[in-house]
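So the sequence lines, in the order shown, correspond to chains V and U. So the first sequence is residues 2 to 426, counted in the numbering used here. So the second sequence is residues 2 to 426, counted in the numbering used here. Note that beta-carbon positions come from the ideal geometry of N, C-alpha and C, so glycine has one too. Every value quoted in this text rests on a predicted model; they were computed, and no experiment measured them.
Protein chains: 2
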Amino acid sequence: MITILKGNICYSEAPDKLKIVEHGYLVYSENQVLGVYSEFPEDYLYFKITDYGDYLIIPGLCDLHTHAPQYSFRGLGTDLELLDWLGRYTYPEESKYAQLDYAVKAYNIFTNAIKHSATTRACIFATLHTPATVYLMEKLEQSGIVSMVGKVNMDRNCPAILRQADAKAAYNAARSWILDTKDRFDNTSPIITPRFIPTCSDELMRNLKQLQEEYALPVQSHLSENMDEIAWVKELCPQCETYSHAYQQFGLFGGSGVPTVMAHCVWCNDREIDLMTQNNVYVAHCPQSNFNLASGIAPVRKYLKHGINVGLGSDVAGGCHLSIFRAMSDAMQASNLYWRLIDNLYEPLSLEEAFYLGTRGGGSFFGNVGSFEKGYEFDAVVIDDSKLLTTNPLSIRERLSRVIYCSDDSAIRAKYVRGKQVELT
Amino acid sequence: MITILKGNICYSEAPDKLKIVEHGYLVYSENQVLGVYSEFPEDYLYFKITDYGDYLIIPGLCDLHTHAPQYSFRGLGTDLELLDWLGRYTYPEESKYAQLDYAVKAYNIFTNAIKHSATTRACIFATLHTPATVYLMEKLEQSGIVSMVGKVNMDRNCPAILRQADAKAAYNAARSWILDTKDRFDNTSPIITPRFIPTCSDELMRNLKQLQEEYALPVQSHLSENMDEIAWVKELCPQCETYSHAYQQFGLFGGSGVPTVMAHCVWCNDREIDLMTQNNVYVAHCPQSNFNLASGIAPVRKYLKHGINVGLGSDVAGGCHLSIFRAMSDAMQASNLYWRLIDNLYEPLSLEEAFYLGTRGGGSFFGNVGSFEKGYEFDAVVIDDSKLLTTNPLSIRERLSRVIYCSDDSAIRAKYVRGKQVELT
Chain V
2 MITILKGNIC YSEAPDKLKI VEHGYLVYSE NQVLGVYSEF PEDYLYFKIT
52 DYGDYLIIPG LCDLHTHAPQ YSFRGLGTDL ELLDWLGRYT YPEESKYAQL
102 DYAVKAYNIF TNAIKHSATT RACIFATLHT PATVYLMEKL EQSGIVSMVG
152 KVNMDRNCPA ILRQADAKAA YNAARSWILD TKDRFDNTSP IITPRFIPTC
202 SDELMRNLKQ LQEEYALPVQ SHLSENMDEI AWVKELCPQC ETYSHAYQQF
252 GLFGGSGVPT VMAHCVWCND REIDLMTQNN VYVAHCPQSN FNLASGIAPV
302 RKYLKHGINV GLGSDVAGGC HLSIFRAMSD AMQASNLYWR LIDNLYEPLS
352 LEEAFYLGTR GGGSFFGNVG SFEKGYEFDA VVIDDSKLLT TNPLSIRERL
402 SRVIYCSDDS AIRAKYVRGK QVELT
Chain U
2 MITILKGNIC YSEAPDKLKI VEHGYLVYSE NQVLGVYSEF PEDYLYFKIT
52 DYGDYLIIPG LCDLHTHAPQ YSFRGLGTDL ELLDWLGRYT YPEESKYAQL
102 DYAVKAYNIF TNAIKHSATT RACIFATLHT PATVYLMEKL EQSGIVSMVG
152 KVNMDRNCPA ILRQADAKAA YNAARSWILD TKDRFDNTSP IITPRFIPTC
202 SDELMRNLKQ LQEEYALPVQ SHLSENMDEI AWVKELCPQC ETYSHAYQQF
252 GLFGGSGVPT VMAHCVWCND REIDLMTQNN VYVAHCPQSN FNLASGIAPV
302 RKYLKHGINV GLGSDVAGGC HLSIFRAMSD AMQASNLYWR LIDNLYEPLS
352 LEEAFYLGTR GGGSFFGNVG SFEKGYEFDA VVIDDSKLLT TNPLSIRERL
402 SRVIYCSDDS AIRAKYVRGK QVELT
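Here it is as structure tokens:
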């Protein structure tokens, strides 16, 4: 089954290289891109064309880090730093997901929101509660997007109501959940998720490593978001050279066969950057959250110069918005301030680079995702920017810029994930 | 004519004091607030009540700094710093307003956008072109909001097409425009507007001072936005102790009888802060613009501690959004980063303070504006936040927080300015 979309096609060829094909033809077969053409490709003469007129067609956006259960308090409680924020707002909210009926209501709202966003791929934290997490996975599967979902693990330094009885109990619960879900969905899969070092005992980390290896699963967690958090990890793991090494000691910091994404990475030092580079650890850059919780600004330019893979994360509810367009503009702003206030050796991100991070940069965590080059999985979003009125004739690049800075979900006219169109009613 | 609105009423009593009256009664007569009551006020038994049910009713928002002609390129060209940005994007765009038909199209878009926003008061830069500026004022008058509009003055250091022939010609043009517009509108009035020191000769500044005095007009300009700009002002005015003194030498930096607002104030030193305090100069804090143009972060907490009046500005097109709700959340984020990265003696702004800045803080530039205390001019916005779904029962303060962080113009159900309801069709 070959299908052709027509429209103004934009995608990243490289971090600084935006390919634009005005009124071009995007051809895909099943779930794979076959090619992008500026003239009608005669080879495909007999296949159906969906003509999107003057709309923009871009790869689906990738959210490398968000918390589904926190969507219920987005826009609230950004007056504290990370550790107090967890205790005051986050843990009390997450404890409600012990009740499946609460989770049903809250996850219906979250999955409906992400379905109607431009996001087609996401790495998502749930809570530790199995029934709620499975329900979330079912709803995400129905939403049409592709996601990796983590049942969260915590067995220390958190309220009793969210603390698993011990590392063995946590292991058993995680294993049952993995067995239940790993082959059940087309687009939704489990990811190993220690919340972060402070809430996970050594034994729990060893157990999670065992599960990671046994089922060949990817890993997501948090790293070096906040200075008090980093000091706490230092106290908890005095033997570890850095926060990164606190994961590394258990084999949960990338390296061969362990696709790993770490959220934030605001304060990583050079030793950690080397380890991230060496182990191919992904950075989920979450600028809005870092602004809201006064965490700081991640040195994204430095990571890119080291060849580290960086994607963007909405990090709801540290961030208030699920939009990865918003994350792109936040990332540019963050990089401007980093250059201005912290180190002018690291130049600001360009529009091309921000777009890359939110598509291909994060997409590569999912495979060949986030671009329209031949062989890429076909995720696309069709954008009608006609409500962004202007008096000037705009290039496609300029229109994309305005979509990134100024549009909202109401501009999305169609969404495709792995070749299937999502019903956006 | 006494009118009563019923709803969840929120307004600032002081920078850190948000007054909330749940299901309260807001009474006004003509254009003035008479009072806010938690129980139905028996004195007003025979007057009409408009019941807004569970909606929020807040004072109209105040935008202390924006550029109407730049709305046409919002979301574009934020990849340069101020001076290059002016030359590359801003001046070429502003030169188009020499053509009235272009201005008509562009200003129709701008005024329609600000009309449908939560803003009820604004200080607005136009361009130097009289017909276009008069047209803008006519459209703003029709929009129902109250605004001060500046025909911009420039007679040096800008492209010939935007440079007035000489200071005398600029004076004559400004004077005619003032005479034409100062008594023509109910809600729209001229404000003396030197663009900034680099584009205004000494003679032009003296002429503008003369006009300011002759017609007792307020003043708006730019101050200390960008480090290259500041260095340039130092070169141009070697005799002046600071950038502020370059205005002060002409009597255009506040002081008795000269209501003055300066946009940005990112890099003001202590000597300037003293002068601003002494002269009651208003700061228009424009955080989004400061992020986009890599200008830096204004020390708002420091200004507040000095008793300086601070309001918020959208600064389109340095900023991409006209929303002063967005400016509130940006201001909180900026203050978080200032505290984290620059000086931890200056604590972040609270939600209450950000709300204050965008209502009463900026509003006081227009008189008794921006609150619902007795005697205040009656500007109000009615917000339906029901689309911001949640599973939690929320306090009115929490709902206001979500409106600030997450809502858009579609949440606005009604808008009143000086006691008159604006038709939002």
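Distance, L390 of chain V Cα to M149 of chain V Cα: When rounded, the distance between both Cα atoms is 37 Å.
C-beta neighbour in chain U for E139 of chain V, strict 8 Å: no
In chain order, each beta strand (DSSP E) run of at least 3 residues that lies wholly inside the stretch 206 to 286 of chain U: 220 to 224, 261 to 265 and 283 to 286
8 Å Cβ cutoff met for Y357 of chain U and P16 of chain U: yes
Contact with chain B by K169 of chain U, beta-carbon distance below 8 Å: This model lacks chain B altogether; the protein chains it does include are V and U.
Straight-line Cα distance separating Q213 of chain V from D316 of chain U: Counting only the Cα atoms, Q213 of chain V lies some 50 Å from D316 of chain U.
Residue-chain proximity (A247 of chain V, chain U), Cβ-Cβ < 8 Å: Taking 8 Å as the threshold, the shortest C-beta distance from A247 of chain V to chain U does not fall below it.
As assigned by DSSP and simplified to three states, the class of P42 of chain U: coil
Terminal residues of the beta strand (DSSP E) in which M149 of chain U lies: V147 to G151
Separation of V418 of chain U from E95 of chain U, as counted between CA atoms: 29 Å
Alpha carbon of L323 of chain U to alpha carbon of I115 of chain U, nearest angstrom: Taking the straight line joining both Cα atoms gives about 7 Å.
Separation of T194 of chain V from T261 of chain U, as counted between CA atoms: 55 Å
Burial state of E226 of chain U (16 or more Cβ within 10 Å): buried
Any 3 or more C-beta pairs closer than 8 Å across the stretch 2 to 15 of chain V and the stretch 58 to 71 of chain V: yes
Contact with chain V by W340 of chain U, beta-carbon distance below 8 Å: yes
Cβ of G357 of chain V within 8 Å of any chain U Cβ: Note that residue 357 of chain V is Tyr in the sequence shown, not Gly. Answer no: the Cβ-Cβ gap between Y357 of chain V and chain U never drops below 8 Å.
For I5 of chain U and V37 of chain U, the rounded distance between their alpha carbons: The straight-line gap from Cα to Cα measures roughly 9 Å.
Closer than 8 Å to chain U by CB, P349 of chain V: yes
Those runs of the alpha helix (DSSP H) which lie wholly inside the stretch 42 to 70 of chain V and span at least 4 residues: none
Pairwise C-alpha distance: A174 of chain V and R104 of chain V: Correcting the residue identity first, residue 104 of chain V is Ala in this sequence and not Arg. Cα to Cα, A104 of chain V sits roughly 18 Å from A174 of chain V.
Whole-number beta carbon distance between T79 of chain V and N293 of chain V, since they are thought to touch under 8 Å: 4 Å
Any alpha helix (DSSP H) of 4 or more consecutive residues that is wholly inside the stretch 293 to 331 of chain V: 301 to 306
Proximity to V430 of chain V [Cα-Cα], best of V:D385, V:K416, V:P394 and V:K7: Outside the displayed range of chain V (2 to 426) lies residue 430 of chain V, so it cannot be described from this structure.
Beta-carbon neighbours of Q334 of chain V, restricted to chain U and to distances below 7 Å: F292 and N293
CB contact check: K388 of chain V to chain U, cutoff 8 Å: no
Cutoff 8 Å: S402 of chain V Cβ touching any chain U Cβ: It does; some Cβ of chain U falls within 8 Å.
Given 8 Å, three or more beta-carbon pairs between the stretch 227 to 243 of chain U and the stretch 187 to 203 of chain U: yes
Near the ligand NAD: Q334 of chain V beta-carbon under 7 Å from a heavy atom: Although the ligand NAD was asked about, the structure shown includes no ligands whatsoever.
Outcome for N393 of chain V when other beta-carbon atoms lying within 10 angstroms are tallied against a minimum of 16: Answer is exposed; the Cβ neighbour count stays below 16.
CB of Y136 of chain V within 8 Å of CB of L101 of chain V, strictly: yes
Where S372 of chain U falls, given that 16 or more other Cβ within 10 Å makes a residue buried: The residue in question, S372 of chain U, is buried, as its Cβ has 16 or more Cβ neighbours within 10 Å.
Segment contact flag, the stretch 61 to 79 of chain V with the stretch 123 to 134 of chain V, C-beta cutoff 8 Å, min 3 pairs: yes
T182 of chain U, enclosing alpha helix (DSSP H) - first and last residue: That run of the alpha helix (DSSP H) goes A168 to T182.
Buried versus exposed call for T426 of chain U [16 or more other C-beta atoms within 10 Å across all chains shown]: exposed
Within chain V, the residues that A107 of chain U reaches when beta carbons sit closer than 7 Å: By Cβ distance, chain V contributes T392.
Y172 of chain V at chain U interface by Cβ criterion, 8 Å: Chain U contact via Cβ: absent.
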